[in-house]
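Novice: Take a look at this one; I'll ask things after.
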Amino acid sequence: MAHFAFKCSGLTSLSLSRTGVTDKCLDDLARHFARLASLKLAGTKCTDVGVEQLVQAEGCSLTSLDLTRCDVGDPSLAAIADHCHGINELFLGHTPVTGTGLKALASRRRCSRPRRAPTPGAWTWCRSWQPRTARRRR
Numbered sequence: 318m319a320h321f322a323f324k325c326s327g328l329t330s331l332s333l334s335r336t337g338v339t340d341k342c343l344d345d346l347a348r349h350f351a352r353l354a355s356l357k358l359a360g361t362k363c364t365d366v367g368v369e370q371l372v373q374a375e376g377c378s379l380t381s382l383d384l385t386r387c388d389v390g391d392p393s394l395a396a397i398a399d400h401c402h403g404i405n406e407l408f409l410g411h412t413p414v415t416g417t418g419l420k421a422l423a424s425r426r427r428c429s430r431p432r433r434a435p436t437p438g439a440w441t442w443c444r445s446w447q448p449r450t451a452r453r454r455r
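Read in order, the letters of the sequence shown correspond to residues 318 to 455 in the working numbering.
Here it is as C-alpha cells:
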C-alpha cells in the first residue's frame, strides 16, 4: 500500500467496491490517502472497527462514503458524525444501521434530519454539515 500511496498521493476518489478490502486496509488508507474525498467500499468486508479507524485519521476529508452491503452499524455512524465534518453523501443500503443510529447522526449535525437521495440506500445531508455545538445562536 505504501508504494501505491507514494505514486498516487494526490488521489481524491477511490472505488474499492466488491474487493477483498478489510479493516486493516482501511487503516492503511487513512494513513496514506489524506486527500480522499470520495470512497466506495460497497460489498467489502469492512466493519465498524475499520470505518472508525478510517474516519478518525487526522484531517478526514471525505465528502462521500459508500458503505452499502458492509457490516457497519450505529458505531460507524457515531464516528462519521464526530470526525467527517465535510461529508454530504453517505450510502448505507443493506447495512445493520438502525433508526436510532440515523437519529443520533442527525442530532450531531446542523441538519435536523437526513433526506433520502435518489439512489436507494443513500442519505444526503446539508452541505454545511457541522457539529451542532458549532452552530451560532441568533
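Virtual Cβ for every residue (Gly too), placed ideally from N, Cα, C.
Just so you know, these numbers come straight off a predicted model, no measurement behind them.
(1) Nearest to Leu394 by CA position, among Gly376, Leu371 and Thr336, is which residue?
(2) Along the chain, which unbroken stretches of the alpha helix (DSSP H) at least 4 residues long are found entirely within the region 333–373?
(3) Name the one or two DSSP bridge partners that Asp391 has.
(4) With distances taken from CA atoms, which of Thr329, Cys363, Leu346 and Arg425 is nearest Pro413?
(5) Just the Cα atoms here: how many angstroms apart are Glu369 and Thr329?
Specialist: Looking at the coordinates:
(1) Leu371
(2) 340–349 and 365–372
(3) In DSSP, Asp391 forms no bridge with anything.
(4) Cys363
(5) 19 Å
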